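Participant: This is the structure I want to talk about, given as structure tokens.
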Amino acid sequence: MKLRAKSPRRRFLARAMTAAGALTLSGCDALSRTTWFPRLLGSGEKISETAQHLLTPRRAMAQEFTEADRSPQFRSNGTSMPDSAEYEALAAREFADYRLQVSGLVTQPASFTLAGLRQLPSRTQITRHDCVEGWSAIGKWKGAKLSALLDVVQVRPEARFAVFYCADPMGDNGTDLYYESIDMDDAFHAQTILAYELNDEALPVKNGAPIRLRVERQLGYKHAKYVMRIELVDAFHHIAGGKGGYWEDNGYEWYAGI
Amino acid sequence: MPTKNVAAGVRTGTYLYYRHTLPVRVMHWINVVALTILFLSGLNIFSAHPALYWGKSSYTGRGPFFEISAKENANGDLVGVTRLFGHNFTTTGVLGASAGDEGDRVPRAFPSWLTIPDSRWLAMARRWHLFFAWVFVLNGLCYLGYVIASRHLSRDLAPTRKDWRSIGASIIDHLRFRHAAGDEAKRYNVLQKLAYLAVIFILLPLVILMGFAMSPWLDSFLPGWVDIVGGRQSARSIHFVVAWLLLAFVLIHVFEVIVSGFWNQLRSMITGRYRVDVQARDETAR
């Protein structure tokens, strides 16, 4: 072993290395609590989005699976029963009074009953749901194609995002409602559906009844449950925390393709 | 200080040999920073769902083959339990349950000193991880371009016929901690070459590819490609295992640096210059 530091320079280097080791972790934690550093780290999100979009065509399809691949039960994560009197009333009448409002940058604002949504062109797909936490589950979804619904309301050309407002109150105070947003490429993607069935049965409350967004090439938190209203917008900085979604407002990436 | 250059044929003295070029040194240290952060932030991300599965999803009817969890024992104390292929190990204090912010024992897969950030903070850990993943990948691409263009790869890393013949002797040398000196120390030995090549061309590409496989967007690049390794959850498991194999490589690498002359090795990766003992030449000549 030749670890003895003979010269002052080596002694300095040895001390510097020890200090660097100890400082690395606490330094990282201090940096995490600044505003500028997480923003710098956040530039990785934009690079990932750009690179992934360059590599993969916007219309590329997510993998679809066979019946045999389906998970025995589809796990519920996040809200499993929205804590809201309004939602409870809707659920009590099996969503007979449910109306999906579609507004914003559209020529024909409209509202849809559950039966009305079922009359729109539909798609059935067995896909994998990837949670940001790391687990995956495979389920069979059936729902109205979002593109078909958007064709009914006629999206105006200046619309850039579809925002989904949900029924489930989030956070400690329970006043922030869950919401999400996707861009128009994802909104018109063939696999983007407003699901009303999971595994050949009406969508259970724990998985987002009556309507859950499926946006198959992104992580689970983009797949908004309990969708009550859709708004077409040209920007979302004025909505809630301004980051385009409940989890985005809490530090997660808006682009959840990775 | 070592003496200045000595002419060939002089049997004693030392001189500094320029062993690592500036690009290699810079890329080496960028890699140290990037891999350290990737590993520590990766452990934080893993802690959000500390279980590994084999297959296309986590819910296939089979449970996880590896799981870190916290349970309460009869006294109401938190106990860390690590389960591997059906065997339970009590790992309190390190895995499953360890000291939280206030020093009390809390459920957490990896201890705070092994994760970036120190608290369970998935969103921030992902920012660290996905940013430094780019640093690591771009640095790696630069490295590959450089070692090919500069012929560092073909000249210094590719094993020669002589290397292959000396593999037995090299294993014995390593086991006896006998290290190259003199001119021999200017070159990588065969085990070193094979280890570096395995890391550069197998482990690092694999860990990157398995990271890609976890991205739902990249899975649509060629739907089904992730099934080559058994599915997305298999890919996640491989990503995790390879990360630990890389750590094992780093530990062996640092160990070898220490036992083969720490300061000399460290200087050669900072200034590029490695001190060669000329008198040692005869001892190592074989």
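Chains as they are written, first to last, in this note's numbering: chain B, 15 to 272; chain D, 81 to 366.
For each residue, glycine too, the CB sits at the ideal point set by N, CA and C.
Computed from a predicted structure; not experimentally measured.
Please classify Ile228/D: is it buried, with 16 or more other beta-carbons within 10 angstroms of its beta-carbon, or exposed?
Facilitator: By 1-based counting over the second sequence, the position of residue 228/D is 148. Under this definition Ile228/D is an exposed residue.
Participant: Would you identify the three-state DSSP class for Ile148/D, choosing helix, strand or coil?
Facilitator: Here residue 148/D corresponds to residue number 68 of the second sequence, with the count starting at 1. Three-state result, Ile148/D: strand.
Participant: Is there a Cβ of chain D sitting closer than 8 angstroms to that of Val120/B, yes or no?
Facilitator: For the purposes of this step, residue 120/B is taken as residue 106 along the first sequence, with counting starting at 1. Chain D contact via Cβ: absent.
Participant: Using a Cβ-Cβ distance cut-off of 8 angstroms, determine whether Leu297/D contacts chain B.
Facilitator: What you label residue 297/D is simply residue 217 of the second sequence in a count that begins at 1. Note that residue 297/D corresponds to Trp in the displayed sequence, not to Leu. Output row for Trp297/D: interface = yes.
Participant: Tell me which residue opens and which closes the beta strand (DSSP E) that Trp155/B is part of.
Facilitator: Your numbering for residue 155/B matches position 141 in the first sequence. Where Trp155/B is concerned, the enclosing beta strand (DSSP E) stretches over Ser150 to Lys159.
Participant: Mind pulling the chain D residues with CB within less than 7 angstroms of Gly271/B?
Facilitator: For this step, residue 271/B is matched to residue 257 along the first sequence. Ser295, Pro296 and Trp297, listed in chain order.
Participant: Under the assumption that Leu132/D contacts Leu194/D (Cβ atoms under 8 angstroms), give the Cβ distance between them as a whole number of angstroms.
Facilitator: Within the second sequence, the letter at position 52 stands for residue 132/D. Within the second sequence, the letter at position 114 stands for residue 194/D. Between Leu194/D and Leu132/D the Cβ distance is about 17 angstroms, and since that is not below 8 angstroms, they are no contact.
Participant: Alpha carbon to alpha carbon, how far is Gly248/D from Phe79/B? Give it in angstroms, no decimals.
Facilitator: If you number the first sequence from 1, residue 79/B lands on position 65. If you number the second sequence from 1, residue 248/D lands on position 168. In a straight line, the C-alpha of Phe79/B is about 49 angstroms away from that of Gly248/D.
Participant: From the DSSP output, in three-state form, read off Gly89/D for me.
Facilitator: Here residue 89/D corresponds to residue number 9 of the second sequence, with the count starting at 1. Only weak support exists for where Gly89/D lies, its pLDDT of 46 falling under 50; the coordinates are left without a value.
Participant: Going along chain D in order, which residues have a C-beta closer than 8 angstroms to the C-beta of Asp144/B?
Facilitator: Within the first sequence, residue 144/B is the residue found at index 130, counting from 1. In chain order: Met294, Pro296 and Arg312.
Participant: Tell me, please, whether the region 244-252 of chain B touches the region 316-325 of chain D by the rule of three or more beta-carbon pairs shorter than 8 angstroms.
Facilitator: No contact exists between the region 244-252 of chain B and the region 316-325 of chain D.
Participant: DSSP puts Gly118/B in a beta bridge; with which residues?
Facilitator: As a working note, residue 118/B is residue 104 in the first sequence. Paired residues: Leu246/B.
Participant: For Phe72/D, which option in Thr48/B, Tyr240/B and Glu59/B has the closest C-alpha, if you only look at C-alpha atoms?
Facilitator: With chain D running from 81 to 366 in the structure shown, residue 72/D is simply not present.
Participant: So Asn168/D packs on Val159/D, CB below 8 angstroms; how close in whole Å?
Facilitator: To locate residue 168/D, count along the second sequence from 1; it is residue 88. To locate residue 159/D, count along the second sequence from 1; it is residue 79. Wrong, their Cβ atoms sit about 10 angstroms apart, outside the cutoff.
Participant: Assign Gly156/D to buried or exposed, taking buried as 16 or more other Cβ atoms, counted over all protein chains shown, within 10 Å of its Cβ.
Facilitator: On the second sequence, position 76 is the one that residue 156/D refers to. Classification of Gly156/D: exposed, given that the 10 Å Cβ count is below 16.
Participant: Looking at the C-beta of Leu102/D, does it have a partner C-beta in chain B at a distance below 8 angstroms?
Facilitator: Locating residue 102/D in the second sequence gives position 22, counting from the first residue. Chain B, which has no Cβ nearer than 8 angstroms to the Cβ of Leu102/D, makes this no.
Participant: If we ignore side chains and look at the alpha-carbon of each, how far apart do Ser21/B and Trp109/D end up?
Facilitator: As a first step, residue 21/B must be located in the first sequence, where it is residue number 7. As a first step, residue 109/D must be located in the second sequence, where it is residue number 29. Roughly 23 angstroms between the two C-alpha positions.
Participant: So is Met15/B in contact with chain D if we call contact Cβ pairs under 8 angstroms?
Facilitator: Sequence index remark: in the first sequence, residue 15/B carries index 1 (1-based). Note that Met15/B has pLDDT 42, beneath the 50 cutoff, so the model's placement of it is unreliable and no number is given.
Participant: Taking the straight line between their C-alpha atoms, what separation do you get for Thr94/D and Asp263/D?
Facilitator: Reading the second sequence from its first residue, position 14 is the one you call residue 94/D. Reading the second sequence from its first residue, position 183 is the one you call residue 263/D. Answer to the nearest angstrom: the Cα atoms are 11 angstroms apart.
Participant: Under three-state DSSP, which class holds Gly234/B?
Facilitator: Counted from its first residue, the first sequence places residue 234/B at position 220. Gly234/B: helix per DSSP, three-state reduction.
Participant: Residues of chain D with CB closer than 7 angstroms to the CB of Arg89/B, please, in chain order.
Facilitator: Looking up residue 89/B in the first sequence gives position 75. Tyr139, listed in chain order.
Participant: Using a C-beta to C-beta distance shorter than 8 angstroms, which residues of chain B count as neighbours of Trp208/D?
Facilitator: Here residue 208/D is taken as the residue at index 128 of the second sequence, counted from 1. What Trp208/D touches in chain B: Cys42, Ser46 and Leu55.
Participant: Can you list, in chain order, the stretches of the alpha helix (DSSP H) that have 4 or more residues and sit fully within the region 32-107 of chain B?
Facilitator: Segments of the alpha helix (DSSP H) lying fully in the region 32-107 of chain B: 50-69 and 99-106.
Participant: Could you work out which residues of chain D lie near Ile152/B, taking near to mean beta carbons separated by less than 8 angstroms?
Facilitator: Position 138 of the first sequence, counting from 1, holds the residue named residue 152/B. Ordered by position in chain D, the residues that pass the 8 angstroms Cβ test against Ile152/B are Lys136, Ser137 and Tyr139.
Participant: Flag this pair as touching only if the region 152-168 of chain B and the region 211-224 of chain B have three or more C-beta atom pairs under 8 angstroms; answer yes or no.
Facilitator: Cβ pair count under 8 angstroms is three or more, so yes.
Participant: So within the region 167-205 of chain B, which uninterrupted alpha helix (DSSP H) runs reach at least 4 residues, ignoring any that extend past its ends?
Facilitator: Within the region 167-205 of chain B, the complete alpha helix (DSSP H) runs of at least 4 residues are 198-201.
Participant: Pull up the distance between the alpha-carbon of Tyr101/B and that of Glu147/B, whole angstroms please.
Facilitator: Position 87 of the first sequence, counted from the start, is the residue given in the question as residue 101/B. Position 133 of the first sequence, counted from the start, is the residue given in the question as residue 147/B. C-alpha separation (whole angstroms): 27 angstroms.
Participant: Taking the alpha-carbon of Glu108/B as reference, which of Ala176/B, Tyr266/B, Ile272/B and Pro224/B has the nearest alpha-carbon?
Facilitator: The residue you call residue 108/B lines up with position 94 of the first sequence. Out of Ala176/B, Tyr266/B, Ile272/B and Pro224/B, Pro224/B has the C-alpha closest to the C-alpha of Glu108/B.
Participant: Residues in the same chain with beta-carbon distance under 6 angstroms from Arg355/D, minus the five sequence neighbours each way, listed in chain order, please.
Facilitator: On the second sequence, position 275 is the one that residue 355/D refers to. If we look at Arg355/D and ignore the five residues flanking it on each side, its Cβ neighbours are Pro82, Thr94, Leu96 and Asn344.
Participant: Could you check what DSSP says for Arg29/B in three-state terms: helix, strand or coil?
Facilitator: As a first step, residue 29/B must be located in the first sequence, where it is residue number 15. If DSSP states are grouped into helix, strand and coil, Arg29/B belongs with the helices.
Participant: Are the C-beta of Ile196/D and some C-beta of chain B separated by less than 8 angstroms?
Facilitator: As a position in the second sequence, residue 196/D is number 116, starting the count at 1. Interface residue, yes.
Participant: In chain order, which continuous runs of the alpha helix (DSSP H) of length 4 or greater are located wholly inside the region 289-353 of chain D?
Facilitator: List check, alpha helix (DSSP H) in window: 296-299, 312-339 and 342-350.
Participant: Following the continuous beta strand (DSSP E) through Gly225/D, name the residue where it begins and the one where it ends.
Facilitator: For the purposes of this step, residue 225/D is taken as the residue at position 145 of the second sequence. Taken as a continuous stretch (DSSP letters only), Gly225/D belongs to no beta strand (DSSP E), being part of the alpha helix (DSSP H) at Leu202 to Ala229.
Participant: Contact criterion: CB-CB distance below 8 angstroms. Does Ser161/B meet it with respect to chain D?
Facilitator: Position 147 of the first sequence holds residue 161/B. It does not; no Cβ of chain D falls within 8 angstroms.
Participant: Could you say which of Ala82/B, Ala74/B and Arg73/B lies nearest to Gly141/D if we only look at CA atoms?
Facilitator: Within the second sequence, the letter at position 61 stands for residue 141/D. The candidate whose alpha carbon is nearest that of Gly141/D is Ala82/B.
Participant: Give me the Cβ distance between Arg231/B and Ala76/B, rounded to the nearest whole Å; I'm assuming they're in contact under 8 angstroms.
Facilitator: Locating residue 231/B in the first sequence gives position 217, where the first residue counts as 1. Locating residue 76/B in the first sequence gives position 62, where the first residue counts as 1. Indeed they touch by this definition, with Cβ atoms about 5 angstroms apart.
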